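J.: Residue numbers (our numbering): 3 to 305.
Just so you know, even glycine gets a beta-carbon here, dropped at the ideal spot from N, CA and C.
No experiment lies behind these values; they were computed from the predicted model shown.
Sharing a structure below in structure tokens format, with a few things to ask.
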Amino acid sequence: MTSGGIDLGGTKIEARLFDAALNTVDLRRIPTPTGDFDSFLAGLSEQVRWLEEQAGDAALPVGVGLPGLIDPQTGRAFASNIPVTGRDLPGALAQALEREVPMLNDCQAFALSEAHSGAGAGHGSVIGLIMGTGIGAGHALDGALPHRLNGSALEIGHMGLPAHAVDDLPLRRCGCGKIGCYETVLAGPGLQWLSGQMLGEAIPPANLSARTLAGDAQAEAVLDRWASLAGELLLAIQLAHDPDCIVLGGGVSKMPGITERLTAALDAVRLGAMRLPVIALAQHGDSSGARGAALHAISKGRQ
Ligand SMILES: [Zn+2]
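Here you go:
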């Protein structure tokens with residue numbers, strides 16, 4: 003079945019048309035109208051209509067992935083980079099298009115995409131863990147998204163770092179308002195901060211891994227420390243969800259050797275004789291948000 007997926011971001015709205023095997027057959031990006039809700043809604047509607055026209059099908063399954071959440075009870079959206087917070091985005095889009103367009107959080111879309119036909123394929127319980135400018139995750143269970151009270155993804159970036167692991171580091175206030183969240187150390191800017199704490203020089207993650215490859219022991223020590231803290235987060239994920247597979251995405255996951263490093267870090271803190279989940283790199287990269295949104299729309303159409 004042909005389908006369409008839209009990846010909403012703070013700078014662009016990307017529409018992808020997929021064939022039955024979920025390969026991208028057409029793609030169109032427009033700048034995100036960030037001025038107000040009405041212009042944003044017009045841009046989003048235009049992208050849905052473009053997909054319908056390309057497919058020649060006004061009933062094409064189309065889904066939308068967004069960096070935020072939609073309250074399942076009220077339809078109210080919450081997102082930090084697009085002008086939709088407090089508005090009934092699904093309701094307004096349905097009115098504009100005269101049909102429903104299912105929406106989901108982009109981390110959930112990532113997890114669904116990788117679980118269906120990516121690095122998590124063949125595994126029943128798949129966590130998609132995105133490590134980029136923030137830390138977020140989604141959970142696909144038997145190829146579907148479990149119901150969640152707030153319609154949120156797994157907000158594990160905002161769980162607290164364990165005290166024993168950071169007793170020599172200052173606690174940082176997170177963008178969410180809480181203090182000592184995993185995100186403050188594990189996301190890209192957090193890793194850079196950690197290098198500043200350890201070496202007196204805030205080094206961007208890409209430079210850190212380049213230095214490590216060149217044999218720099220100080221850079222290696224920073225990545226070891228970062229990985230041991232990431233291992234604590236992976237343990238928390240395992241204890242709470244016991245997934246078969248954890249798929250990594252986001253800019254920080256592009257550091258060479260990341261899966262081996264994080265598998266070793268989880269192994270070092272594993273509880274008793276628990277088996278370790280497979281830790282793998284995402285296969286669909288930049289298309290995951292739109293792919294997962296399309297899959298979500300297809301599954302909603304079957305219900
Ligand atoms: Zn936080």
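Regarding Thr186 and ligand 1, is the C-beta to nearest heavy atom distance less than 8 Å?
T.: Yes, the beta carbon of Thr186 sits closer than 8 Å to at least one heavy atom of ligand 1.
J.: Is any heavy atom of ligand 1 found at a distance shorter than 8 Å from the C-beta of His160?
T.: Yes, the beta carbon of His160 sits closer than 8 Å to at least one heavy atom of ligand 1.
J.: Between the Cα of Met3 and those of Val128, Ala22, Gln240, spot the shortest distance and give me the residue it belongs to.
T.: For the residues Val128, Ala22, Gln240, the minimum Cα distance to Met3 belongs to Ala22.
J.: Thinking just about the alpha-carbon of each residue, which of Glu234, Pro245, Val254, His243 is nearest to the one in Ala2?
T.: Nothing in the structure corresponds to residue 2, since the chain is present only between 3 and 305.
J.: Less than 8 Å separating the Cβ of Cys2 from some heavy atom of ligand 1?
T.: It is not possible to answer for residue 2, since the shown part of the chain is limited to 3 through 305.
J.: Three or more C-beta pairs under 8 Å: does that hold for the segment 122–142 against the segment 179–189?
T.: Counting Cβ pairs under 8 Å, three or more are found: they touch.
J.: Return the chain-ordered list of same chain residues with a C-beta closer than 6 Å to the C-beta of Ala291, the five sequence neighbours on each side being excluded.
T.: The displayed chain sequence assigns Gly, not Ala, to residue 291. Contacts found: Asp9, Gly67, Asp108, Ala111.
J.: Tell me which residue opens and which closes the beta strand (DSSP E) that Met105 is part of.
T.: 105–107 is the span of the beta strand (DSSP E), which, as asked, contains Met105.
J.: Label Met276 either buried or exposed according to how many other C-beta atoms from any shown protein chain fall within 10 Å of its C-beta, with 16 as the threshold for buried.
T.: Label assigned to Met276: exposed.
J.: Would you say Cys176 touches ligand 1, meaning its beta carbon is less than 8 Å from a heavy atom?
T.: Yes, since a heavy atom of ligand 1 falls inside the 8 Å radius drawn around the Cβ of Cys176.
J.: Just to confirm, does Gly138 get its C-beta within under 8 Å of one of the non-hydrogen atoms of ligand 1?
T.: Checking every heavy atom of ligand 1 against the Cβ of Gly138, none is found closer than 8 Å.
J.: Can you list, in chain order, the residues of its chain whose CB lies under 8 Å from that of Lys180, leaving out five sequence neighbours each side?
T.: Only His160, Gly162 meet the Cβ criterion.
J.: Cβ of Ala296 within 9 Å of Cβ of Leu24?
T.: Cβ atoms of Ala296 and Leu24: closer than 9 Å.
J.: Name, in chain order, the residues that DSSP records as bridge partners for Asp9.
T.: Answer by DSSP bridge pairing, in chain order: Glu16, Gly67.
J.: Answer yes or no: do Ala17 and Gly122 have a C-beta to C-beta separation smaller than 9 Å?
T.: No; because the gap between Cβ atoms is not below 9 Å, this pair is not in contact.
J.: With DSSP as the reference, please indicate the residues paired to Gly140 in a beta bridge.
T.: In the DSSP output, where bridge partners are listed per residue, Gly140 has Gly130.
J.: Determine contact between the segment 241–249 and the segment 123–130, defined as no fewer than three beta-carbon pairs at a distance below 8 Å.
T.: As far as the Cβ criterion goes, the segment 241–249 touches the segment 123–130, which means the pair count is three or higher.
J.: Just list the residues that DSSP pairs Ala81 with in beta bridges.
T.: Per DSSP, Gly70.
J.: Taking the beta carbon of Ser289 as the centre, do at least 16 other beta carbons fall within 10 Å, making it buried, or is it exposed?
T.: Classification for Ser289: buried.
J.: Does the beta carbon of Gly124 fall short of 8 Å from some heavy atom of ligand 1?
T.: Flag unset: Cβ of Gly124 not near ligand 1.
J.: How far does the beta strand (DSSP E) with Asp28 in it reach, from first residue to last?
T.: Counting along the chain, the beta strand (DSSP E) containing Asp28 begins and ends at 26–33.
J.: In chain order, what residues of the same chain lie with their CB nearer than 6 Å to the CB of Met257, ignoring the 5 residues before and after it?
T.: Closer than 6 Å at Cβ, skipping near neighbours: Ser211.
J.: Whose C-alpha, out of Pro85, Gly11, Met105, Arg31, is nearest the C-alpha of Gly303?
T.: Nearest option by C-alpha distance: Met105.
J.: So the alpha helix (DSSP H) Gly307 belongs to, where does it begin and stop?
T.: Look at the range of the chain in this structure, 3 to 305, and you will see that residue 307 is not part of it.
J.: Using 8 Å as the cut-off, classify the Cβ of Gly134 as near or not near the heavy atoms of ligand 1, replying yes or no.
T.: Checking the Cβ of Gly134 against ligand 1 gives no.
J.: Could you give the distance in angstroms between the alpha-carbon of Tyr184 and the alpha-carbon of Pro92?
T.: Cα-Cα distance, rounded: 31 Å.
J.: Can you list, in chain order, the residues of its chain with a C-beta nearer than 8 Å to that of Lys14? Leave out the 5 residues immediately preceding and following it.
T.: Within the same chain, Lys14 has close Cβ partners Arg31, Ile32, Pro33, Thr34.
J.: Which one of Val271, Glu116, Val254 has the shortest CA to CA distance from Ser230?
T.: Ranking the options by Cα distance to Ser230, first place goes to Val271.
J.: My guess is that Ala94 and Glu102 are in contact by the Cβ rule of under 8 Å, so how many angstroms apart are they, rounded?
T.: The pair is not a contact, with the Cβ atoms about 12 Å apart (cut-off 8 Å).
J.: Are Gln85 and Phe39 touching if we call contact CB-CB under 9 Å?
T.: In the sequence on display, residue 85 carries Pro and not Gln. Taking 9 Å as the Cβ cut-off, Pro85 and Phe39 qualify as a contacting pair.
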